[in-house]
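Going by the numbering used here, the sequence shown runs without a break in its numbering and finishes at 294. By construction, the Cβ of each residue, glycine as well, lies at the ideal position given by its N, Cα and C atoms. What follows is a single structure, written as structure tokens, with notes after it.
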Amino acid sequence: MATFAAARRASNPTSTQDSKILPGLFAGLDEDSRLSVLHVGPTCSDTLDFFAEFRSRLYIVDVFTELPLHIPEDEPADFERQWRDILQLPTDTRFNLCLFWDLFNFLSAEALAALMTVLEPQLHEEARGHAFSVHNPRHSLQNCLYGIRDAQTLSTRARHHTPPGYAPLSQRQLSEALGCMDIERSVLLADSRLELSLRAKKTQN
């Protein structure tokens, strides 16, 4: 049974696209699998219906409504404090899966690095992630919302409003800012987007 926090549903018309990343994320899961999922945007009925098939707990925070992160000029860049205030994560939760969607395209390297620092102690040691970036940082924004139709298929919807601060990082900048997670696999899509599979870094004993 899925539970939800801070949920806001997107209800505009939907289309679908095949995913080469999702099958790897959900391989080996069945209806008895326990999942703790962090979802960082407005969700939709497709995604809720999909996770209802598992023994899952969804923690949903529409981070996009908080953009851009604002740091007063006369104060140090305390992005970590801002992320803790925005996310308000339950301290006893360890996430198996983080659905970042295209959030990374709207964050500076410093803001992204701070986000991952805040998330690190709350990631399961085998945590996985899904995200979109762009092959070329000069590529124009694909302004859509994402969901999961099934384990092989994404749903997409047009955004009603464009989030501020679109400034995608280069692949090198992105890899460095991810900190506690590695890009395990990337798939180049026809419109120059990259669909990414992420995995928590192994800790050194």
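For Phe-193, tell me which candidate among Glu-273, Leu-258, Gln-177 and Thr-251 has the shortest Cα-Cα distance. Taking the sequence shown and counting its residues from 1, the one referred to as residue 193 is at position 104. Comparing Cα-Cα distances from Phe-193 to each of Glu-273, Leu-258, Gln-177 and Thr-251, the minimum goes to Leu-258.
Nearest-angstrom Cα distance between Leu-267 and Leu-201? Numbered from 1 along the sequence shown, position 178 holds the residue referred to as residue 267. Numbered from 1 along the sequence shown, position 112 holds the residue referred to as residue 201. Cα to Cα, the separation comes out at about 7 Å.
Give me the Cα-Cα distance between Ser-108 and Ile-149, rounded to the nearest whole angstrom. Taking the first residue of the sequence shown as 1, we reach residue 108 at position 19. Taking the first residue of the sequence shown as 1, we reach residue 149 at position 60. Each residue's alpha carbon lies about 22 Å from the other.
Should Glu-284 and Ile-110 be called a contact, given that it needs their Cβ atoms to be closer than 9 Å? Counting from 1 along the sequence shown, the entry for residue 284 is found at position 195. Counting from 1 along the sequence shown, the entry for residue 110 is found at position 21. Their beta carbons are under 9 Å apart, which means Glu-284 touches Ile-110 by this criterion.
Could you spell out the range, first to last residue, of the beta strand (DSSP E) harbouring Thr-251? The residue you call residue 251 lines up with position 162 of the sequence shown. Neither: Thr-251 is in no beta strand (DSSP E) and is coded neither H nor E.
Counting Cβ pairs closer than 8 Å, one from the stretch 181 to 190 and one from the stretch 243 to 255, do we hit at least three? no
Identity of the residues DSSP links to Glu-284 by a beta bridge: Position 195 of the sequence shown, counted from the first residue, corresponds to residue 284. Note: Glu-284 sits in a beta bridge opposite Phe-221 and Val-276.
Have a look at Asp-167 and Gln-177 and give me their C-alpha separation to the nearest angstrom. If you number the sequence shown from 1, residue 167 lands on position 78. If you number the sequence shown from 1, residue 177 lands on position 88. Approximately 16 Å between the Cα atoms of the pair.
Quick one: grab the DSSP three-state call for Asn-194. The residue you call residue 194 lines up with position 105 of the sequence shown. If DSSP states are grouped into helix, strand and coil, Asn-194 belongs with the helices.
Cβ of Thr-154 within 9 Å of Cβ of Ser-244? As a first step, residue 154 must be located in the sequence shown, where it is residue number 65. As a first step, residue 244 must be located in the sequence shown, where it is residue number 155. No, the Cβ-Cβ distance between Thr-154 and Ser-244 is not below 9 Å.
Counting only runs of 3+ residues fully inside the stretch 109 to 165, write out the beta strand (DSSP E) ranges in chain order. 123 to 128 and 144 to 149
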